[in-house]
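Read through the structure below, which is laid out as structure tokens, and then see the notes.
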Amino acid sequence: MQVLSALELIRGTDRVTKTGTTLSGETSVASAVEWELRLPGHPTLRIHDNHWRNGERDLGLHKPPVMPEMPAALSNLHGRLRSGIAPTPGRRELRVMLYPTYVDKHDRPRVKKSLTTEDLADRMGLFVLRELTAREGVTLEPAHDRPDLPPVDLDDPQDEKSLQHALFLPTEDDETPVLGFVHFRAVPVLRHIGWLSPDGG
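Residue numbers (the UniProt record's numbering): 1 to 201.
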């Protein structure tokens with residue numbers, strides 16, 4: 001599938017079995033669905049959707065045994081800043097936290113957890129958020145159910161209160177978490193290193 005205008009995202013047909021550490025710190029075995037993120041003229045990036053035996057699930061940029069040559073900021077994203085896919089307490093949907101990536105002065109990717117909805121739209125692009133939430137059953141909401149949080153409205157994004165945003169999606173939806181990961185983890189770094197233009201693809 002096409003992401004923006006320059007990126008192509010392709011789901012692999014086989015699963016990869018590997019041992020590693022889950023986001024909660026447990027050693028476990030994962031069955032990973034591998035997705036290829038292709039950008040013409042550059043090395044293919046591999047995203048793993050890790051389904052761990054202990055029930056946890058996360059997404060990450062897979063670090064191969066031999067890394068192709070690439071700028072430090074992108075190299076440093078491999079194996080780091082995984083994104084969890086978790087059940088939602090009291091609801092049937094899965095939840096993926098929307099923490100956009102930025103690159104610090106040491107070429108280390110970092111995440112920004114709390115943003116106003118307007119700031120989130122500025123960082124990710126309002127069209128990207130609308131594209132994600134146009135998918136069947138997908139919503140963008142405050143990550144936590146608290147009465148003091150403002151609504152998340154992409155037609156009128158608020159700029160008064162910072163909060164943690166999340167995508168909520170049907171349990172059978174395997175594509176949206178990966179698309180979200182591409183947009184909020186990979187794309188900011190690809191733009192930082194100049195592999196993607198700042199105004200689109």
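Every residue gets a Cβ at the ideal spot worked out from N, C-alpha and C, and that includes glycine. Bear in mind that the values here come from a model prediction, so they are computed numbers and not experimental data.
Contact under 8 Å by Cβ, E141 with F181: For this step, residue 141 is matched to residue 141 along the sequence shown. For this step, residue 181 is matched to residue 181 along the sequence shown. No; because the gap between Cβ atoms is not below 8 Å, this pair is not in contact.
Secondary structure, alpha helix (DSSP H): runs of 4+ residues fully inside the stretch 89 to 149: 117 to 124, 126 to 133
Start-to-end residues for the alpha helix (DSSP H) that takes in V187: By one-based count along the sequence shown, residue 187 stands at place 187. In the DSSP assignment, V187 falls within the alpha helix (DSSP H) that extends over 187 to 192.
Cβ pair count under 8 Å reaching 3, the stretch 30 to 41 against the stretch 157 to 172: Not touching, per the Cβ criterion.
Status (buried if at least 16 other CB within 10 Å, exposed otherwise) for P100: Walking along the sequence shown from the start, residue 100 turns up at place 100. With 16 or more other Cβ atoms within 10 Å, it is buried.
Near the ligand GDP: R146 beta-carbon under 7 Å from a heavy atom: With respect to the ligand GDP, the structure offers nothing, as it holds no ligand at all.
Reduced DSSP category for L74 - H, G, I as helix; E, B as strand; rest coil: The count along the sequence shown starts at 1 and reaches residue 74 at position 74. Here L74 sits in helix by DSSP.
Outcome for P147 when other beta-carbon atoms lying within 10 angstroms are tallied against a minimum of 16: Looking up residue 147 in the sequence shown gives position 147. The residue is exposed, with fewer than 16 neighbouring Cβ atoms inside 10 Å.
Of the residues R92, L132, L120, D58, the one placed nearest P188, counting alpha carbons only: One-based indexing of the sequence shown puts residue 188 at position 188. P188 has its Cα closest to that of L120, out of R92, L132, L120, D58.
Same chain, Cβ closer than 8 Å to L126, five either side skipped, listed in chain order: Taking the first residue of the sequence shown as 1, we reach residue 126 at position 126. Taken in chain order, the residues that qualify are L154, P157.
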